[in-house]
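Participant: As numbered in this note's numbering, residues 16 to 165 make up the sequence shown, in order.
Quick one: the structure is below, and I'll ask about it shortly.
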Amino acid sequence: MDQVTKLIVAKTIPLYDSVQVIPGFFRISHVVNRGAAFSLFADIRSPLAPLGLLLFSAIVMAVITVMLAKSKRVLSRTNIGLALILGGAFGNFVDRLLMGHVVDFLAFRIGTFHWPDFNLADTAIVSGACLLILDVFFEAKAEAPPAPAN
Numbered sequence: 016m017d018q019v020t021k022l023i024v025a026k027t028i029p030l031y032d033s034v035q036v037i038p039g040f041f042r043i044s045h046v047v048n049r050g051a052a053f054s055l056f057a058d059i060r061s062p063l064a065p066l067g068l069l070l071f072s073a074i075v076m077a078v079i080t081v082m083l084a085k086s087k088r089v090l091s092r093t094n095i096g097l098a099l100i101l102g103g104a105f106g107n108f109v110d111r112l113l114m115g116h117v118v119d120f121l122a123f124r125i126g127t128f129h130w131p132d133f134n135l136a137d138t139a140i141v142s143g144a145c146l147l148i149l150d151v152f153f154e155a156k157a158e159a160p161p162a163p164a165n
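Structure, rendered in structure tokens:
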């Protein structure tokens, strides 16, 4: 889905142009992101930066793949979160590998605040991270000793 939506945007919206969906709030844009999620590190001008992002992504994907392969809890919140992160990382990895950048297209604005443009792969990564955070809180609560009776 990530690659399909990026392709549709790239074929139908000129680079750095956008289409208003909800005026003043949401638009579909066509921008390139040479950095990480939400344009982090996009200003680094080193010729090694793209290679570094590819290498980092490959390592993260390998670690997550091993974690998932060794896990005994198939449909746990942790594994679903890791799978979402893996899928999102792979979607952006493919872009970086083939084009040297990632296509971002979801743009939200509230008043003068503009959230950095992002794509479905970024959404999967953030959703997966949120599931992992939830899992930490629920596991900590489940492992907490019972309160003493008065």
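Cβ atoms here follow ideal geometry from the backbone N, Cα and C, with glycine treated the same way.
(1) Which residue marks the beginning of the alpha helix (DSSP H) containing Ala23, and which one marks its end?
(2) Assuming Asn48 and His129 form a contact by the criterion Cβ under 8 Å, report the distance between their Cβ atoms to the nearest whole angstrom.
(3) Could you have a look at Asn134 and say whether DSSP puts it in helix, strand or coil?
(4) Sorted by chain position, which residues of the same chain lie with C-beta nearer than 6 Å to Ser33's C-beta, five sequence neighbours on each side aside?
(5) Taking only the alpha-carbon atoms, compute the straight-line gap between Asp17 and Pro65 and give it to the nearest angstrom.
(6) Whole angstroms is fine: what's the gap from Thr5's alpha carbon to Asp119's?
(7) I need the straight-line Cα distance from Leu97 to Ala73, nearest angstrom please.
(8) Do Ile100 and Ile140 come within 8 Å of each other at the CB atom, strictly closer than that value?
(9) Suppose the cutoff is 6 Å on Cβ atoms and the five residues either side in sequence are ignored; what does the same chain contact list for Gly143 look like?
(10) Please determine, among Asn134, Leu135, Thr93 and Ala136, the residue with the shortest C-alpha to C-alpha distance to Asp150.
(11) Give the DSSP-derived three-state secondary structure of Arg124 in the structure shown.
(12) Checking the sheet assignment: what are the DSSP bridge partners for Asn48?
(13) Taking the DSSP output, what are the residues bridged to Ser33?
(14) Among the residues of its own chain, which have a CB less than 8 Å from the CB of Arg124, if the five just before and after it don't count?
Facilitator: Short version:
(1) Translated into the one-based positions of the sequence shown, residue 23 becomes position 8. Sequence inspection shows Ile at residue 23; the Ala mentioned does not correspond to that position. It spans Asp17 to Thr27 - the alpha helix (DSSP H) in which Ile23 sits, taken as one unbroken run.
(2) Position 33 of the sequence shown, counted from the first residue, corresponds to residue 48. Position 114 of the sequence shown, counted from the first residue, corresponds to residue 129. Taking 8 Å as the upper bound for CB-CB distance, Asn48 and His129 are not in contact here, some 14 Å apart.
(3) Taking the first residue of the sequence shown as 1, we reach residue 134 at position 119. Here Asn134 sits in coil by DSSP.
(4) Here residue 33 is taken as the residue at index 18 of the sequence shown, counted from 1. Contacts found: Arg42 and Ser44.
(5) What you label residue 17 is simply residue 2 of the sequence shown in a count that begins at 1. What you label residue 65 is simply residue 50 of the sequence shown in a count that begins at 1. So the alpha carbons of these two residues sit roughly 20 Å apart.
(6) A question about residue 5 goes unanswered here, because the residues of the chain that appear run from 16 up to 165.
(7) By one-based count along the sequence shown, residue 97 stands at place 82. By one-based count along the sequence shown, residue 73 stands at place 58. Their backbone Cα atoms lie some 14 Å apart in a straight line.
(8) Here residue 140 is taken as the residue at index 125 of the sequence shown, counted from 1. Here residue 100 is taken as the residue at index 85 of the sequence shown, counted from 1. In this structure, Ile140 sits near Ile100, with a CB-CB distance shorter than 8 Å.
(9) Start at 1 with the first residue of the sequence shown, and residue 143 comes out as number 128. Hits under 6 Å: Gly96, Leu99 and Ile100.
(10) Here residue 150 is taken as the residue at index 135 of the sequence shown, counted from 1. The candidate whose alpha carbon is nearest that of Asp150 is Thr93.
(11) As a first step, residue 124 must be located in the sequence shown, where it is residue number 109. Note: Arg124 maps to strand in three-state DSSP.
(12) Taking the sequence shown and counting its residues from 1, one reaches residue 48 at position 33. Note: Asn48 sits in a beta bridge opposite Val117.
(13) Mapped onto the sequence shown, residue 33 falls at position 18. Its beta-bridge partners are Ser44.
(14) For the purposes of this step, residue 124 is identified with residue 109 of the sequence shown, where counting begins at 1. For Arg124, the CB contacts under 8 Å within the same chain, skipping 5 residues up- and downstream, are Gly39, Phe40, Phe41, Arg42 and Trp130 in chain order.
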